[in-house]
Amino acid sequence: MDPGKAEEYVVRLYPFASTLRPGHRIAALSNNEPRDSRIHSARGAAHHIDHGCACDAISVASVSAGSTLRTSLEDAMTAVEPQPVVARPWPVRRQVRGSALARILRTTDAKQIGIMYMITAFAFFMIGGLMALIMRAELGRPGMQILSPEQYNQLFTMHGTIMLLFFATPIVFAFANFVVPIQIGAPDVAFPRLNSFAYWLYLFGGLIAVGAFFTPGGAADFGWTAYAPLSDSINSPGVGGNMWVMGLVLSGLGTILGGVNMITTILTLRAPGMTMFRMPIMTWNILVTSLLVILIFPFLAAALLALGADRILGAHVYDPATNGPMLYQHLFWFFGHPEVYVVALPFFGIVSEVIPVFSRKPVFGYKGLVAATLLIAALSMTVWAHHMFATGQVLLPFFSFLSYLIAIPTGMKFFNWIGTMWRGQISFETPMMFALGFLVTFLLGGLTGVLLASPPVDFHVHDSYFVVAHFHYVLFGTIVFAVFAGIYFWFPKMFGRMLDDRLGKLHFWLTFIGFHTTFLVQHWLGAEGMPRRYADYLPGDGFTVLNSVSTIGSFILGASTLPFLYNVWKSYRYGQLVTVDDPWGHGNSLEWATSSPPPLRNFDRMPRIRSERPAFDAKFPELAAGGQSAAGPPEGGARPLASESDGGASYTEDRSENR
């Protein structure tokens with residue numbers, strides 16, 4: 002730096018600059034450099050400091066020549082001048098206008114595709130939520146206020162379709178694409194281009210189905226289950242129903258391809274030492290979920306293609322004269338009930354990752370959680386006909402018994418989650434708050450599910466608001482609470498910045514209060530006899546007060562999204578920079594052993610994998626692999642297996658002790 006210049010450039014060190022050790026070279030950057038250059042330099046500095054390297058300077062400020070501050074800076078730079086200058090970790094280029102969109106359109110990076118899945122699914126979530134608010138506004142008082150019955154039918158049909166198939170299912174692949182390859186130490190997914198193709202199938206399938214609102218007859222109006230013969234061309238004419246069928250087929254194909262990709266990735270691309278029983282619970286659950294996907298989604302595609310043939314080609318697959326409606330119900334619910342666990346098991350995995358980190362303990366009963374996941378998946382494919390008790394054409398004792406049975410492995414999971422927290426050093430950051438909200442809400446939903454597994458109870462409340470309440474407690478409690486837990490948990494890893502914890506807690510309490518205010522009273526509405534799917538009710542029915550309470554709760558729930566959206570925007574632009582691999586301090590799996598955000602191929606250096614907690618083992622080697630703490634009981638990762646495995650990877654492990 003020339004002291005004779007008119008301006009002097011002074012380094013303004015960020016908080017992580019305190020980690021610089023004597024001898025590090027600090028190079029100042031000119032204010033004339035593009036803003037992107039300075040931003041990249043900041044990120045590069047954080048990345049290199051984290052790995053104990055020399056770093057570039059972060060930012061500059063202009064001061065007048067000859068100041069005392071300049072003299073001090075020159076003295077400091079003279080002291081470190083002999084050290085070599087480390088180049089920036091990546092070349093700094095100006096962003097070409099439109100280049101971000103071009104990268105999105107052609108990307109095959111699993112991390113980028115995972116973020117695209119998340120943004121798209123959340124956009125559908127807000128569309129579906131807006132539909133729900135309009136329906137609740139209509140039901141708040143008796144009489145038709147803002148909708149016609151036809152419009153109400155279209156809204157509840159598309160609300161259910163969007164929330165289940167365009168939000169809940171795709172957001173599974175958002176977390177799977179970003180987190181799973183890193184958790185198993187893979188550089189990418191097995192089929193990157195197929196992965197990208199699956200996303201675009203999902204996006205355009207969803208747009209086709211939702212785009213039916215812009216057709217002359219409006220969107221599909223036969224309910225999200227599309228029961229025949231209500232969904233045939235005679236009872237539901239118009240192109241909207243056809244677009245619904247084809248949109249779901251297209252989106253379902255993308256889901257099948259995504260499942261194939263995840264299975265192949267997990268089975269073939271694990272890092273050396275990553276045996277099956279060292280995989281994180283999240284990865285196990287994604288594997289089992291993907292197996293369910295490739296087993297059940299072809300049934301949905303077959304059922305919908307046959308429905309499309311009936312509507313468009315005049316076929317008679319679901320002709321009532323040949324008991325076609327019962328055939329459709331069997332096909333649909335053989336897909337439909339396992340689909341509930343397709344959108345539940347991954348979020349069980351998220352909660353199983355969050356709770357140990359904020360309890361400062363290893364997960365309790367690792368193998369028990371894996372076994373419970375496998376049992377739930379197997380049983381979920383045997384209980385589909387409990388949705389058909391009221392038809393009188395299914396074997397009631399058999400399906401009732403299996404429905405009771407599926408509560409056992411779910412109870413095992415609750416036992417393990419509570420055991421993980423027991424006597425742990427729990428801290429209540431936002432991800433943990435949402436995980437606890439998940440436990441409370443899903444528990445209540447599961448208890449009402451046990452009631453509905455009894456045919457006499459089901460006969461009484463079938464097609465009532467009791468079922469609506471149960472369904473939302475199970476699905477909202479599982480999906481939305483766990484999704485937000487996962488977003489707050491992995492946002493620092495995805496974007497390198499922390500979300501605001503105070504806004505996060507505000508978001509949690511608004512969501513929790515709004516949800517329970519909305520749906521708790523619907524149990525009583527159902528028990529009193531209010532039917533589901535009805536657009537109106539009479540003042541004398543006695544449903545007005547509880548419906549008004551439910552509507553007020555729904556608007557609180559809708560408003561809860563606003564602090565979250567503001568938090569994401571604020572934190573993405575101005576949030577606290579993440580300068581370490583593990584901002585939570587007690588991360589267990591491999592994603593907490595790489596930079597935030599990760600490099601293109603996920604890792605610069607792979608840590609040793611000796612247990613199911615490799616990141617924890619690397620940070621606390623004295624507690625690794627079943628070591629003993631001063632207090633006595635074992636902590637850290639599981640004890641090493643008797644034999645090592647290459648984990649299916651195509652390369653061998655470097656077993657040298659000094660690497």
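When we follow my numbering, the leftmost residue of the sequence shown carries the number 2, and every step to the right adds one.
From the three backbone atoms N, C-alpha and C, an ideal C-beta is built for every residue, glycine too.
Computed from a prediction, not measured in an experiment: that's the story for all the values here.
Bridge partners - PRO532, DSSP secondary structure assignment: Counting from 1 along the sequence shown, the entry for residue 532 is found at position 531. Beta-bridge partners assigned by DSSP to PRO532: SER465.
State the DSSP-derived secondary structure class of ASN243, mapped to helix, strand or coil. For the purposes of this step, residue 243 is taken as the residue at position 242 of the sequence shown. Three-state result, ASN243: helix.
Suppose you measure from the CA of PRO615 to the CA of PHE509; what does that come to, to the nearest Å? Position 614 of the sequence shown, counted from the first residue, corresponds to residue 615. Position 508 of the sequence shown, counted from the first residue, corresponds to residue 509. Here the alpha carbon of PRO615 sits roughly 31 Å from the alpha carbon of PHE509.
Where LEU254 and LEU202 are concerned, what is the direct C-alpha to C-alpha distance, given to the nearest angstrom? On the sequence shown, residue 254 is found 253 positions in, with the first residue counted as 1. On the sequence shown, residue 202 is found 201 positions in, with the first residue counted as 1. Those two C-alpha atoms are separated by around 7 Å.
Contact check, TYR319 vs PRO230, beta carbons under 8 Å: Taking the sequence shown and counting its residues from 1, the one referred to as residue 319 is at position 318. Taking the sequence shown and counting its residues from 1, the one referred to as residue 230 is at position 229. The answer is yes: Cβ separation under 8 Å.
Between the alpha carbons of PRO635 and LEU624, how many angstroms are there, rounded? Position 634 of the sequence shown, counted from the first residue, corresponds to residue 635. Position 623 of the sequence shown, counted from the first residue, corresponds to residue 624. Because the pLDDT at PRO635 is just 41, under 50, the model does not fix this residue reliably, and the value given afterwards should be weighed accordingly. Each residue's Cα considered, the two are about 8 Å apart.
So which of PHE467, PHE400, PHE490, MET499 has the shortest CA-CA distance to VAL180? Sequence index remark: in the sequence shown, residue 180 carries index 179 (1-based). When each option's Cα is compared against that of VAL180, the closest is PHE490.
State the Cα-Cα distance for the pair VAL484 and LEU504, rounded to the nearest angstrom. Residue mapping note: residue 484 aligns to position 483 of the sequence shown, counting from 1. Residue mapping note: residue 504 aligns to position 503 of the sequence shown, counting from 1. One C-alpha to the other measures close to 16 Å.
Might you give, ordered along the chain, the residues of its own chain that have their beta carbon closer than 6 Å to the beta carbon of ASN178, omitting 5 neighbours on each side? Mapped onto the sequence shown, residue 178 falls at position 177. Hits under 6 Å: ALA111, ILE114, GLY115.
I'd like to know if the region 398 to 416 and the region 309 to 329 are in contact, where contact means that at least 3 CB-CB pairs between them fall below 8 Å. Too few Cβ pairs lie closer than 8 Å, so no.
Within the continuous alpha helix (DSSP H) that includes GLU354, where are the two ends? To locate residue 354, count along the sequence shown from 1; it is residue 353. Per DSSP, GLU354 belongs to the alpha helix (DSSP H) from 346 to 360.
Using a Cβ-Cβ cutoff of less than 7 Å, which residues in the same chain neighbour SER465 once the five nearest sequence positions on both sides are dropped? Sequence index remark: in the sequence shown, residue 465 carries index 464 (1-based). The residues are GLY527, GLY530, MET531, PRO532, ARG533.
Throw me the rounded Cβ distance for the SER291 and GLY260 pair, which I believe falls under 8 Å. Residue numbering aside, residue 291 sits at position 290 when the sequence shown is read from its first letter. Residue numbering aside, residue 260 sits at position 259 when the sequence shown is read from its first letter. Right, the Cβ-Cβ distance comes to about 4 Å (below 8 Å), so this counts as a contact.
When PHE390, GLY446, LEU375 are compared against MET413, the one with the closest alpha-carbon: Position 412 of the sequence shown, counted from the start, is the residue given in the question as residue 413. Among PHE390, GLY446, LEU375, the Cα nearest to that of MET413 belongs to LEU375.
Per DSSP, what are the beta-bridge partners of ARG271 in this structure? Taking the first residue of the sequence shown as 1, we reach residue 271 at position 270. For ARG271, which the question treats as bridged, DSSP gives no partner whatsoever.
Alpha carbon of TYR573 to alpha carbon of ALA103, nearest angstrom: The residue given as residue 573 occupies position 572 in the sequence shown. The residue given as residue 103 occupies position 102 in the sequence shown. Roughly 21 Å between the two C-alpha positions.
Do the region 376 to 396 and the region 418 to 435 meet, that is, are 3 or more Cβ pairs less than 8 Å apart? No contact exists between the region 376 to 396 and the region 418 to 435.
Exposed or buried, THR121, counting other C-beta atoms within 10 Å across all chains shown (16 or more means buried)? Here the question's residue 121 lines up with position 120 in the sequence shown. So THR121 counts as buried.
Residue nearest to PHE621 in terms of C-alpha spacing, selected from ASP605, ALA594, LEU601: Here residue 621 refers to the residue found at position 620 of the sequence shown. Per the C-alpha coordinates, the member of ASP605, ALA594, LEU601 positioned closest to PHE621 is ALA594.
CB-CB length for SER197 against THR109, believed under 8 Å: Position 196 of the sequence shown, counting from 1, holds the residue named residue 197. Position 108 of the sequence shown, counting from 1, holds the residue named residue 109. Sure, about 5 Å apart at Cβ, within 8 Å.
Distance, THR284 Cα to TYR367 Cα: Here residue 367 corresponds to residue number 366 of the sequence shown, with the count starting at 1. Here residue 284 corresponds to residue number 283 of the sequence shown, with the count starting at 1. The straight-line gap from Cα to Cα measures roughly 13 Å.
Do the region 161 to 177 and the region 117 to 132 touch if we need at least three Cβ pairs shorter than 8 Å? Because the criterion of three Cβ pairs below 8 Å is met, the region 161 to 177 and the region 117 to 132 touch.
Got a sec? Which residues, its chain only, sit under 6 Å from TRP585 by beta carbon, not counting five neighbours each side? Within the sequence shown, numbered from 1, the residue matching residue 585 stands at position 584. VAL358.
Measuring only the C-alpha atoms, how far is GLY487 from GLY447? As a first step, residue 487 must be located in the sequence shown, where it is residue number 486. As a first step, residue 447 must be located in the sequence shown, where it is residue number 446. Those two C-alpha atoms are separated by around 22 Å.
Taking the alpha-carbon of VAL468 as reference, which of HIS388, VAL384, PRO564 has the nearest alpha-carbon? Within the sequence shown, numbered from 1, the residue matching residue 468 stands at position 467. Of HIS388, VAL384, PRO564, the smallest CA-CA separation from VAL468 is found for HIS388.
Mind checking whether ALA470 and GLN394 have CB atoms under 8 Å apart? Here the question's residue 470 lines up with position 469 in the sequence shown. Here the question's residue 394 lines up with position 393 in the sequence shown. It is not a contact, given that the beta carbons lie outside the stated cut-off.
Where ILE419 falls, given that 16 or more other Cβ within 10 Å makes a residue buried: As a first step, residue 419 is located in the sequence shown; it is residue number 418 there, counting from the start. Under this definition ILE419 is an exposed residue.
Nearest-angstrom Cα separation, counted from ALA536 out to MET433: By 1-based counting over the sequence shown, the position of residue 433 is 432. By 1-based counting over the sequence shown, the position of residue 536 is 535. Using only the alpha carbons, I get a separation of about 38 Å.
Delimiting residues of the alpha helix (DSSP H) encompassing SER612: In the sequence shown, counting from the first residue as 1, residue 612 sits at position 611. Per DSSP, SER612 belongs to no alpha helix (DSSP H) and is neither H nor E.
What distance in whole Å lies between the Cβ atoms of LEU293 and LEU342, which are believed to be in contact at a cut-off of 8 Å? Position 341 of the sequence shown, counting from 1, holds the residue named residue 342. Position 292 of the sequence shown, counting from 1, holds the residue named residue 293. Strictly speaking, residue 342 in this sequence is Tyr, with Leu absent from that position. Cβ atoms of TYR342 and LEU293 come within 8 Å of each other, at about 7 Å.
Quick one: what does DSSP say LEU293 is sitting in, helix, strand or coil? Stepping through the sequence shown from its first residue, residue 293 is reached at position 292. In this structure, LEU293 counts as helix in the three-state DSSP scheme.
N- and C-terminal bounds of the alpha helix (DSSP H) containing PHE435: Stepping through the sequence shown from its first residue, residue 435 is reached at position 434. Boundaries of the alpha helix (DSSP H) around PHE435: 431 to 453.
Counting C-beta neighbours from all protein chains within 10 Å, is the total for VAL451 16 or more, i.e. buried, or is it exposed? Numbered from 1 along the sequence shown, position 450 holds the residue referred to as residue 451. With fewer than 16 other CB atoms across the displayed protein chains lying within 10 angstroms of its CB, VAL451 is exposed.
Can you list, in chain order, the residues of its chain with a C-beta nearer than 7 Å to that of LEU445? Leave out the 5 residues immediately preceding and following it. As a working mapping, residue 445 is identified with position 444 in the sequence shown. The residues are TYR474.
Using only the alpha-carbon positions, how far apart do LEU403 and THR383 sit? In the sequence shown, residue 403 corresponds to position 402, counting from 1. In the sequence shown, residue 383 corresponds to position 382, counting from 1. Between LEU403 and THR383, the C-alpha separation is close to 7 Å.
So, using beta-carbon positions, are HIS160 and MET145 closer together than 8 Å? Numbered from 1 along the sequence shown, position 159 holds the residue referred to as residue 160. Numbered from 1 along the sequence shown, position 144 holds the residue referred to as residue 145. Contact: no.
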